[in-house]
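Residue numbers (the numbering used here), protein chains in the order written: chain A, 15 to 133; chain B, 254 to 523.
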């Protein structure tokens with residue numbers, strides 16, 4: 015990480031017009047997931063286990079889903095997101111598909127009834 | 254608590270090249286607004302700051318950590334100092350809220366854990382951390398979506414209802430295939446970029462609100478890249494995002510090496 019050998023943020027190779035918009039300013043999630051639960055564990059003189067703080071984890075659920083213990087405390091939205099998880103698609107999403115199926119059937123019935131009336 | 258009723262906040266540990274910090278980490282306001290300073294022991298340098306008991310004492314900390322605005326402000330201040338330090342040389346970041354009652358506590362920790370710090374510093378020396386995220390996107394050209402052509406082969410619809418169903422079915426297939434394509438691309442991208450990195454690790458994807466993007470995140474990875482390969486690595490990210498149409502890639506960094514200085518207790522490949 016010596017000076018001069020890093021590609022600066024304004025480097026043309028990274029900021030050129032293209033599919034990527036170049037290195038982006040650190041978003042809060044990127045920072046939190048790194049500073050909350052990473053690094054060598056050093057026992058300071060104040061003992062605050064960040065992951066034991068219940069409200070913190072609940073609030074974080076709204077904004078971040080990336081603590082190491084996310085699954086243990088139920089912060090695992092991506093596992094329930096049908097877009098991201100095959101399990102969710104096979105499980106909870108099935109109800110949605112069944113409902114959609116039912117609606118489509120009734121729509122077909124209505125359309126077919128109308129086309130019979132027209133003919 | 255220190256004599257003047259405060260605590261010593263520890264940002265991170267660097268090597269014994271303390272000279273760049275002889276005048277403190279000038280120009281950077283740290284956590285609690287106090288200027289960071291350094292403590293040297295065992296040929297290691299701790300970057301620390303002085304914070305007050307009313308906001309950073311044990312009881313106050315428990316309360317404040319529950320306050321998302323406070324947490325965000327503090328996390329950013331902690332990160333900003335580490336970023337400045339990391340520009341001058343490798344630094345082992347401390348987890349947020351690593352606090353000591355006095356400088357002596359910091360000195361003791363440097364001495365007790367000297368070997369661990371030195372080992373961590375050697376891993377990240379002349380290397381930097383980069384973040385790569387992939388978002389699932391739909392290609393703009395619908396003809397390119399899987400499922401589109403398959404729908405066309407099913408023959409003419411026999412009525413408006415059937416045509417609607419057929420169209421809807423094609424959409425659902427395309428959506429499912431796009432998801433599968435995006436996840437497959439994410440896996441490929443993660444592995445491909447690993448070839449340019451010393452170490453890599455996976456984070457769970459972030460919630461869309463947090464990431465400031467509507468598209469679902471399908472990859473959230475960190476890589477430790479040797480300084481001389483950073484250009485190559487960035488070019489590979491560019492190249493992969495062109496080749497994989499179902500994902501949009503973003504690159505962040507260089508980060509202080511947060512993700513590669515741990516005790517090995519984290520999840521995922523290291």
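The beta-carbon is built from N, C-alpha and C at its ideal position, and this holds for glycine as well.
Which of helix, strand or coil DSSP assigns to residue i
{"i": "residue 231 of chain B", "result": "Here chain B covers residues 254 to 523 and nothing more, so residue 231 of chain B does not appear."}
{"i": "residue 355 of chain B", "result": "coil"}
{"i": "residue 475 of chain B", "result": "strand"}
{"i": "residue 384 of chain B", "result": "strand"}
{"i": "residue 101 of chain A", "result": "Confidence is the limiting factor: at residue 101 of chain A the pLDDT is only 44, short of 50, which leaves the residue's position unreliable and the question unanswerable from this model."}
{"i": "residue 120 of chain A", "result": "helix"}
{"i": "residue 129 of chain A", "result": "helix"}
{"i": "residue 91 of chain A", "result": "Confidence at residue 91 of chain A is low in this model, with a pLDDT of 40, below 50, so the placement of that residue is unreliable and no value is reported for it."}
Identified DSSP bridge partners for residue i
{"i": "residue 346 of chain B", "result": "B:265"}
{"i": "residue 290 of chain B", "result": "B:301"}
{"i": "residue 259 of chain B", "result": "B:305"}
{"i": "residue 389 of chain B", "result": "B:500"}
Beta strand (DSSP E) segment containing residue i, residue limits
{"i": "residue 506 of chain B", "result": "500 to 508"}
{"i": "residue 456 of chain B", "result": "452 to 456"}
Cβ-Cβ separation, residue j to residue i (assumed contact under 8 Å), whole Å
{"i": "residue 259 of chain B", "j": "residue 300 of chain B", "result": "Not quite, the Cβ-Cβ distance comes to about 17 Å (not below 8 Å), so this is no contact."}
{"i": "residue 471 of chain B", "j": "residue 389 of chain B", "result": "5 Å"}
{"i": "residue 476 of chain B", "j": "residue 450 of chain B", "result": "4 Å"}
{"i": "residue 261 of chain B", "j": "residue 267 of chain B", "result": "Wrong, their Cβ atoms sit about 16 Å apart, outside the cutoff."}
{"i": "residue 345 of chain B", "j": "residue 54 of chain A", "result": "6 Å"}
{"i": "residue 58 of chain A", "j": "residue 263 of chain B", "result": "7 Å"}
{"i": "residue 511 of chain B", "j": "residue 474 of chain B", "result": "Rounded, the Cβ-Cβ distance is 13 Å, inconsistent with contact."}
{"i": "residue 534 of chain B", "j": "residue 380 of chain B", "result": "Only positions 254 to 523 of chain B appear in this structure, which leaves residue 534 of chain B out of reach."}
{"i": "residue 499 of chain B", "j": "residue 423 of chain B", "result": "Incorrect: roughly 17 Å between the Cβ atoms, too far for contact."}
{"i": "residue 455 of chain B", "j": "residue 367 of chain B", "result": "The Cβ separation is near 31 Å, so there is no contact."}
{"i": "residue 514 of chain B", "j": "residue 377 of chain B", "result": "6 Å"}
Any non-hydrogen atom of the ligand ZN closer than 6 Å to residue i Cβ
{"i": "residue 376 of chain B", "result": "No copy of the ligand ZN occurs in the structure displayed, which carries no ligand at all."}
Residue range of the unbroken alpha helix (DSSP H) whose run includes residue i
{"i": "residue 443 of chain B", "result": "413 to 447"}
{"i": "residue 369 of chain B", "result": "367 to 377"}
{"i": "residue 315 of chain B", "result": "311 to 317"}
{"i": "residue 284 of chain B", "result": "Segment: none, residue 284 of chain B is in no alpha helix (DSSP H) and carries neither H nor E."}
{"i": "residue 340 of chain B", "result": "321 to 341"}
{"i": "residue 43 of chain A", "result": "42 to 49"}
For the segment 112 to 132 of chain A against the segment 320 to 336 of chain B, are there 3 or more C-beta pairs whose distance is under 8 Å? no
Contact between the segment 500 to 507 of chain B and the segment 376 to 387 of chain B: three or more CB pairs below 8 Å? yes
Counting pairs of Cβ atoms below 8 Å between the segment 475 to 487 of chain B and the segment 362 to 375 of chain B, do you hit three or more? no
Do the segment 427 to 434 of chain B and the segment 447 to 461 of chain B make contact, defined as three or more Cβ pairs closer than 8 Å? no
For the segment 357 to 364 of chain B and the segment 304 to 315 of chain B, state whether three or more C-beta atom pairs, one from each stretch, are separated by less than 8 Å. no
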